[in-house]
Amino acid sequence: MLGVSSILGHEKCESYLVFIGETALADPCRAFLYFLGLAYCFVGLSAITARFFRSMENIVKHKREVVEIDPVTHAEIIRHDKVWNYTIADISLLAFGTSFPQISLATIDAIQNIGNLYAGGLGPGTLVGSAAFDLFPIHAVCVVVPKVGELKKIADLGVWLVELFWSFWAYIWLYIILEVWTPNVVTLCEALLTVMQYGLLLIHAYAQDKRWPYISLPLARSERPEDWVPEETDSSGLDYEEFSEITCDREENNNVVDIFSIHSENETGPLYQRVPPTDNPAATIDNAKETMFDYVHFLRLWKQQFVDAVVLESKNSKKLDNIYLRAARICWQLLLLPWRLLFAIVPPCHVAHGWISLVCSLLFISGITYIVTKLTDMISCVTGINPYVIAFTALASGTSWPDLVASKIAAERQTTADSAIANITCSNSVNIYVGIGVPWLIDTAYNFVAYRQPLRIQNASGLSFSLLVFFITSVGCITVLVIRRLVFGAELGGPRLWAWITCGCLMLLWIIFVVLSSLGVSGVI
622 MLGVSSILGH EKCESYLVFI GETALADPCR AFLYFLGLAY CFVGLSAITA RFFRSMENIV
682 KHKREVVEID PVTHAEIIRH DKVWNYTIAD ISLLAFGTSF PQISLATIDA IQNIGNLYAG
742 GLGPGTLVGS AAFDLFPIHA VCVVVPKVGE LKKIADLGVW LVELFWSFWA YIWLYIILEV
802 WTPNVVTLCE ALLTVMQYGL LLIHAYAQDK RWPYISLPLA RSERPEDWVP EETDSSGLDY
862 EEFSEITCDR EENNNVVDIF SIHSENETGP LYQRVPPTDN PAATIDNAKE TMFDYVHFLR
922 LWKQQFVDAV VLESKNSKKL DNIYLRAARI CWQLLLLPWR LLFAIVPPCH VAHGWISLVC
982 SLLFISGITY IVTKLTDMIS CVTGINPYVI AFTALASGTS WPDLVASKIA AERQTTADSA
1042 IANITCSNSV NIYVGIGVPW LIDTAYNFVA YRQPLRIQNA SGLSFSLLVF FITSVGCITV
1102 LVIRRLVFGA ELGGPRLWAW ITCGCLMLLW IIFVVLSSLG VSGVI
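So for the sequence shown, the working numbering puts the first residue at 622; every next one is plus one.
Spelled out as structure tokens, the structure:
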């Protein structure tokens, strides 16, 4: 089946999404409605991803208590160390979370095709297209986000080079599987090796962060911010910080310091709390009262989420003099109302350090992604567009929106470029090792047990061609970043004119990738 050219003259699509009456509509009308539904799903995906980010940030804030005895005063010294290593958090939480729509899409596509000797086309195509969107448009946005004249560079070049190596190797490995080792098929061994390389990435990045001898690069690390994962300003009006602040404000004793906030003035070492050895009989009663107070406040905050979900105007929008702008904002809030009410079900993100909210957010993301797969199937059916072309363009851009949000926030608020750029490179690695590895492992394991057959790849040559195009254009992207580092001393920001020129060059590389890849999988070239 050809790509866009096959829109004319394709057979009538008899499938339907919800109602059988959809088949009575003209194909152009159906395509428009399905594209509209796809766009609305992407809006909901962006909203729930913001909730996921806040949950993830609370997980990263979590500290463990380490008790030491002062050798002089014999007083207990309680040290609160962060549980999460920043590099591991970047790869496992930030990158995995922002890539979860793509991973869900590929996994759902694999489950739908289980028992079929041929793999589905949406998963791999979306992940390769998403990698290109991450590398080119998101880098382009991050370059122009800093203020005029502000420069932001990568502080830990060693970790970034390790992440970059595994990102490039992921796509080289994918090409080896498709064209060199076992052309056009994927074996159980290859799928298993693909997944295992994600663990090697984690180990290697952690070794570089800790500067382990023999296996780490001898590169110095500049000072990096204490808040490695940036905060995101919430636009829904919810006071999420109130829940953590109450745990800090109930005590007025000078011996108690704020150990619940990561916004510490001490950015060079951990927080300490010196506690004299005292025996307070009323401590148990006070703790019980505090627990009850936290529980009541948690319920009030959860209830407030539903109340705020139906609020159409914030205090700031009511102050606007332009009636048309206020009306536009109200219309937009009405459009978001179903998503806001649905996502208010997610518990506040401060419960259990954010893990419950994170799991609930991932479940919603998976559900929306399943609807997206159905919509893209229908779009391909009624238009005749090759599924790979849809995967490279609409699906890749939409599911990569969380990556764009995360990197933009990091580029705006961080003093360095580490989080913004690391999120891009790590997401690309996660896309292959987890996003393609896990679905292939599911299908190959089933086919091996049921049929003693490997998993066959449809249009493997077109996908391999897209990988070659991506690899060549990605070298151009990295070259641009290296030149900026040598000329301006930083990857992001700088003179506004040159920032926009860089943005234009990166967007041009993305357009080249999309056009050549679409023509390749469509059989035109």
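Yeah, the Cβ is synthetic: ideal placement off N, Cα and C, and Gly gets one too. Nothing here was measured: the structure is a model prediction, and the numbers come from that model.
- Val-806 is bridged by DSSP to Arg-1077.
- Taking C-beta separations shorter than 7 Å and ignoring five residues to either side along the sequence, the partners of Cys-981 in its chain run Val-967, Pro-968, following chain order.
- For Tyr-835, the three-state secondary structure derived from DSSP is coil.
- In the same chain as Cys-763, and ignoring 5 residues on each side of it, the C-beta atoms closer than 6 Å to its own belong to Ser-1028, Ala-1032, Ala-1041, Leu-1113, in chain order.
- Rounded to the nearest angstrom, the gap between the Cα atoms of Trp-787 and Phe-640 is 46 Å.
- Among the bridge pairs identified by DSSP, Tyr-739 is matched with Arg-1077.
- Excluding five sequence positions before and after Gly-718, the CB atoms of its chain that fall closer than 6 Å to its own CB belong to Phe-673, Met-677, given in chain order.
- Separation of Leu-756 and Val-693 (C-alpha to C-alpha, rounded to the nearest whole angstrom) is 55 Å.
- Taken through DSSP and simplified to helix, strand or coil, Leu-772 comes out as strand.
- For Cys-763, the uninterrupted alpha helix (DSSP H) run begins and ends at 760 to 765, by DSSP.
- The beta carbon of Phe-656 sits closer than 7 Å to those of Ile-1000, all from its chain and outside the five residues before and after it, given in chain order.
- Here the alpha carbon of Thr-644 sits roughly 22 Å from the alpha carbon of Cys-662.
- DSSP links Gly-1056 through a beta bridge to no other residue.
- Under the 10 Å beta carbon count, Tyr-739 is surrounded by fewer than 16 other beta carbons and is classified as exposed.
- Sequence-distant Cβ neighbours of Val-931 in its own chain, meaning closer than 8 Å and more than five residues away, are Leu-958, Arg-961, Leu-962.
- Taking C-beta separations shorter than 6 Å and ignoring five residues to either side along the sequence, the partners of Tyr-1067 in its chain run Ile-735, following chain order.
- Shown here for Ser-1050: same chain residues with a beta carbon closer than 8 Å to its own, the five before and five after excluded, namely Ile-712, Ala-716, Glu-784, Trp-787, Ser-788, Ala-791, Tyr-819, Leu-822 in chain order.
- Per the Cβ contact rule, the stretch 746 to 755 is in contact with the stretch 1015 to 1028 (3 or more Cβ pairs under 8 Å).
- At a cut-off of 4 residues, the continuous stretches assigned as alpha helix (DSSP H) that sit fully inside the stretch 940 to 1008 are 944 to 964, 976 to 1004.
- Note on geometry: alpha-carbon atoms of Val-704 and Trp-976 lie some 14 Å from one another.
- In the structure shown, Arg-842 adopts coil according to DSSP, grouped into three states.
- By the beta-carbon neighbour count (other beta carbons within 10 angstroms, threshold 16), Gly-770 is exposed.
- Under DSSP, Arg-685 takes part in a beta bridge, and its partners are Asp-702.
- Gly-1114 has Leu-772 as its beta-bridge partners, per DSSP.
- The distance from the Cβ of Ile-1011 to that of Thr-997 is about 5 Å, consistent with a contact at the 8 Å cut-off.
- Around the Cβ of Trp-781, a 10 Å sphere holds 16 or more other Cβ atoms; the residue is buried.
- For Ser-837, the closest of Asn-805, Leu-778, Cys-810, Asp-730 by C-alpha to C-alpha distance is Leu-778.
- In this structure, Ser-843 lies near Ala-776, with their beta-carbon atoms less than 7 Å apart.
- Within 10 angstroms of the beta-carbon of Leu-1076 lie 16 or more other beta-carbons, which makes it buried.
- With fewer than 16 other Cβ atoms from the protein chains shown falling within 10 Å of its own Cβ, Asp-691 counts as exposed.
- Between the stretch 718 to 732 and the stretch 1052 to 1064, the count of Cβ pairs shorter than 8 Å is three or higher; the stretches touch.
- When rounded, the separation of the alpha-carbon atoms in His-701 and Lys-684 is 6 Å.
- Beyond the five residues adjoining it in sequence on each side, Val-1135 comes within less than 8 Å, by CB distance, of Gly-750, Ala-753, Phe-1013, Thr-1014 in the same chain, given in chain order.
- If you compare the alpha carbons of Met-817, Ile-1122, Leu-1140, Trp-923 with that of Ile-1104, the shortest gap goes to Ile-1122.
- Of Gly-1144, Ala-1120, Leu-1130, Met-1128, the smallest CA-CA separation from Pro-767 is found for Ala-1120.
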